[in-house]
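Note sheet for the following structure.
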Amino acid sequence: MKLKRILVTLLILCMLLPIVASCGGGRGEVIDLVIYSQLANYSGEMIGWGAEILLDKFNVRVTIINDAADGTFQSRMESGFLGDIVLFGNDAREYRNASAAGLLFDWEEDDLLADFGQDIAEYFPFALEKNKSITGTLHGFGHEIAGSSDDHAAFYYYPQLRFDLYQQLGYPVINTLEDFIPVIADMVALEPISSVGTKTWGVSSFPDWDGDMVMMVKSTSALYGWEEFQVGLYCTQTREWQGALEEGGWYLRALKFYNTLHQMGLYDPDSMTQSWDNVVEKYKNGEAMFNIFAWIADNFNTDKHEEEGKIMMPVVAQDQMNLADGLSVFGKNRVWTIGANSNYPELAMEIINWFSTPEGVLSYMYGPLGVTWDYDDDGEPYMTELGLATQSDSDTIIQYRNYEGSYKNGEFQHNNVTWARDAINPDSPSGNSFNYETWDSTLLAIVPSAIEQEWRDWTGYNRPDDWFTSMGKKSVAIASAYTQTATDMVFEMTIEAVREVIKEGSWNAIYANSDEEFDNIVRQMITNAIAFGYDEWVEFSLGEAQLRREAEDAITGGR
2 MKLKRILVTL LILCMLLPIV ASCGGGRGEV IDLVIYSQLA NYSGEMIGWG
52 AEILLDKFNV RVTIINDAAD GTFQSRMESG FLGDIVLFGN DAREYRNASA
102 AGLLFDWEED DLLADFGQDI AEYFPFALEK NKSITGTLHG FGHEIAGSSD
152 DHAAFYYYPQ LRFDLYQQLG YPVINTLEDF IPVIADMVAL EPISSVGTKT
202 WGVSSFPDWD GDMVMMVKST SALYGWEEFQ VGLYCTQTRE WQGALEEGGW
252 YLRALKFYNT LHQMGLYDPD SMTQSWDNVV EKYKNGEAMF NIFAWIADNF
302 NTDKHEEEGK IMMPVVAQDQ MNLADGLSVF GKNRVWTIGA NSNYPELAME
352 IINWFSTPEG VLSYMYGPLG VTWDYDDDGE PYMTELGLAT QSDSDTIIQY
402 RNYEGSYKNG EFQHNNVTWA RDAINPDSPS GNSFNYETWD STLLAIVPSA
452 IEQEWRDWTG YNRPDDWFTS MGKKSVAIAS AYTQTATDMV FEMTIEAVRE
502 VIKEGSWNAI YANSDEEFDN IVRQMITNAI AFGYDEWVEF SLGEAQLRRE
552 AEDAITGGR
């Protein structure tokens with residue numbers, strides 16, 4: 002194997018040198034590589050600016066084989082050649098079968114990783130360790146990896162409200178969650194009728210995403226750093242766990258918050274029966290004033306509304322501690338691997354390594370260096386005018402080397418990433434992430450509406466995330482290697498019964514017409530949950546919380 006690899010390496014070097022007499026001059030013949038990707042939507046020879054980048058850098062022509070046809074994986078297994086680069090949709094059955102069949106290259110064999118994947122080894126040690134633990138052999142690593150357990154995704158839990166109406170109210174101070182209630186009531190009083198002529202509400206919700214608890218209720222605790230975990234909530238700051246039905250706990254507090262809105266006539270009565278699409282349309286029309294999810298509230302912020310001086314933006318409570326999802330140094334489960342029978346394992350490793358460098362990540366996400374993005378004098382990446390245009394309209398025409406066509410038709414087609422989009426770019430002098438939307442250069446290039454500028458002037462920041470972080474209103478959920486302990490079918494039936502009691506009881510409590518009725522419904526919900534095995538689930542949850550803490554300690558060193 003080693004002799005074969007040495008000969009192949011010499012051949013590749015010969016091909017890649019600009020002028021080498023022994024190679025007959027020129028760059029040599031283009032090397033054909035196969036990428037078998039279970040994630041790809043495209044099949045065939047890759048064309049476009051992505052293909053041009055790989056041709057320029059590695060003198061390769063890439064053919065993508067996807068998993069669209071039934072039996073593709075099995076037939077490739079039987080052939081003995083999965084591909085030069087092999088991308089798995091997860092690290093479960095098919096990945097393990099390929100490893101067991103000897104069809105995936107061992108990255109530690111003959112120092113393949115050490116010699117040709119230096120950036121991978123430097124940036125992703127935990128992800129490599131995780132991969133090796135799956136089968137006992139190092140075959141690759143997963144996707145969406147972070148360089149540090151402190152890295153986190155962009156916030157998406159926000160206390161968003163109608164900022165233009167908040168202005169009219171004189172910017173009342175909001176000390177804690179319940180202080181939003183009178184503000185919401187006053188906003189509805191200022192604008193009782195929506196732009197489509199319907200009554201406005203303080204909050205509108207939906208049941209589609211309810212799981213072990215009611216989604217909107219449990220998620221409200223995220224404004225204070227709590228995350229759903231088993232039959233309760235886990236505090237990402239103190240790492241304590243509390244049951245959903247614990248007296249004085251966050252779930253019941255948030256439940257009462259929405260019940261109070263209902264009793265004041267501020268909670269949309271359709272919330273228990275309507276769909277996600279219904280809620281999105283209502284917020285788009287301005288039929289509700291407050292929401293905790295950015296992807297719901299932002300639907301209101303159309304060009305028309307902002308031209309009219311209307312906008313939904315976050316307003317932070319003084320005691321808030323916003324939850325942010327931590328990014329994983331272990332990565333997720335889409336696996337980058339190399340086929341064991343590839344004739345070009347070193348070249349395949351060099352390509353994967355390049356996709357793991359900041360330049361490779363930015364090129365995959367945004368296009369060719371020097372065309373759609375570039376580096377400023379300080380070494381900080383920035384989007385060009387063309388680059389910004391391609392991100393807002395992927396049909397924008399781009400010209401790079403021998404390709405001229407739409408941005409989207411020229412993209413890389415293997416459909417897998419290395420670094421997480423919100424991970425910190427190790428080459429960024431100021432510690433920016435790979436997410437261009439967070440770069441100062443992007444924010445300066447995009448002119449905000451007048452009403453958004455007023456929000457910026459009021460907070461002193463261009464982005465909500467910067468505001469939250471600067472105020473210390475951030476609590477990161479560490480992405481560890483924790484996995485839930487397996488449970489048997491009997492216990493799963495207990496869980497299902499308890500979760501149905503909690504969801505039904507919670508919705509009934511929201512619609513209680515008095516404090517007394519609310520208290521009675523909650524008491525009955527607790528009684529019924531205990532009868533179906535709530536205490537058993539609590540005991541299991543406490544054990545899982547301890548396992549989670551231990552997994553977090555393995556990442557942070559217990560700090």
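Take any residue in the sequence shown, count from 1 to its spot, add 1: that is its number in our numbering.
All C-beta atoms in this analysis are idealised placements derived from N, C-alpha and C, irrespective of residue type, glycine included.
Since we're looking at a predicted model, the values are computed, not measured.
If residue i sits next to residue j, beta carbons under 8 Å apart, how far is it from one beta carbon to the other, in whole angstroms?
i      : j      : result
Trp337 : Tyr268 : That pair is no contact at about 47 Å.
Tyr535 : Val232 : 7 Å
Phe106 : Pro346 : 5 Å
Asn433 : Glu381 : 7 Å
Val523 : Ala510 : 6 Å
Ser272 : Ser205 : 6 Å
Would residue i and residue j be called neighbours here (beta carbons separated by less than 7 Å)?
i      : j      : result
Ala295 : His153 : no
Met188 : Leu166 : yes
Ile185 : Met290 : yes
Phe156 : Asn426 : no
Ala498 : Phe533 : yes
Phe331 : Lys131 : yes
Gly49  : Tyr404 : yes
Met366 : Thr443 : no
Glu145 : Ala555 : no
Val31  : Asp85  : no
Glu545 : Ile479 : no
Tyr252 : Trp242 : no
Asn416 : Leu83  : no
Ala341 : Gly148 : no
Ala513 : Asn260 : yes
Thr373 : Gly388 : yes
Ile66  : Tyr43  : no
Thr177 : Ser476 : no
Gly143 : Asn354 : no
Where do the ends of the beta strand (DSSP E) carrying residue i lie?
i      : result
Gln243 : Trp242 to Gly244
Ala478 : Lys475 to Ala478
Met313 : Met313 to Pro315
Glu518 : Segment Asp516 to Ala532 is the alpha helix (DSSP H) holding Glu518; no beta strand (DSSP E) there.
Ile194 : Counting along the chain, Ile194 falls outside any beta strand (DSSP E), and DSSP gives it neither H nor E.
Glu455 : Element bounds for Glu455: not the beta strand (DSSP E) but the alpha helix (DSSP H), Ala451 to Thr460.
Where does the unbroken alpha helix (DSSP H) through residue i begin, and where does it stop?
i      : result
Ser442 : Asp441 to Ala446
Glu248 : Segment: none, Glu248 is in no alpha helix (DSSP H) and carries neither H nor E.
Ile511 : Met490 to Ile511
Met265 : That residue, Met265, is in no alpha helix (DSSP H); it is neither H nor E in DSSP.
Met217 : Met216 to Thr221
Gly544 : Tyr535 to Thr557
Ser407 : Taken as a continuous stretch (DSSP letters only), Ser407 belongs to no alpha helix (DSSP H), being part of the beta strand (DSSP E) at Tyr404 to Ser407.
Phe291 : Note, Phe291: premise wrong, no alpha helix (DSSP H); beta strand (DSSP E) at Phe291 to Phe294.
Ile398 : From DSSP, Ile398 is part of no alpha helix (DSSP H) but of the beta strand (DSSP E) over Ile398 to Tyr401.
Glu438 : First-last for Glu438: undefined, no H or E at that position.
Glu307 : Asp304 to Glu308
Trp468 : Pro465 to Ser471
Glu123 : Gln119 to Tyr124
Glu282 : Trp277 to Lys285
According to the neighbour-count rule (16 or more other Cβ atoms, all chains shown, within 10 Å of its Cβ), is residue i buried or exposed?
i      : result
Ser515 : exposed
Glu551 : exposed
Trp538 : buried
Gln547 : exposed
Lys283 : buried
Glu351 : buried
Gln414 : buried
Lys311 : buried
Leu11  : Model confidence at Leu11 stands at a pLDDT of 47, short of 50, so the residue's coordinates are unreliable; what they give is reported in the following sentence. Per the 10 Å Cβ criterion, exposed.
Gln392 : buried
Gly26  : Caution is warranted here: a pLDDT of 34 is assigned to Gly26, below 50, making its placement in the model unreliable, and the coordinate value is therefore given only provisionally. Exposed, by the Cβ-count rule.
Ala22  : Residue confidence for Ala22 is low, a pLDDT of 34 falling below 50, so the modelled location carries little weight; the figure read from the coordinates is stated next. That one is exposed.
Trp210 : exposed
Ser76  : exposed
Ser80  : exposed
Thr557 : exposed
Thr419 : buried
Lys305 : exposed
Val280 : buried
Check whether chain C comes within 7 Å of residue i, counting only Cβ atoms and requiring the distance to be less than that.
i      : result
Asp213 : No chain C appears in this structure, which consists of one protein chain only.
Do residue i and the ligand FMN come close, with the Cβ less than 6 Å from some heavy atom?
i      : result
Tyr225 : Ligands are entirely absent from the displayed structure, and the ligand FMN is therefore not among its contents.
Inside the segment 323 to 385 only - alpha helix (DSSP H) runs reaching at least 4 residues | 346 to 356 and 359 to 367
Which full runs of the alpha helix (DSSP H) of 4+ residues lie inside the segment 21 to 78, going along the chain?
-> 50 to 59
With a floor of 3 residues, list each beta strand (DSSP E) that falls wholly inside the segment 128 to 173, ordered by position along the chain.
-> 158 to 163
Quick one: which unbroken beta strand (DSSP E) runs of 3-plus residues sit fully inside the segment 74 to 116? Chain order, please.
-> 86 to 89
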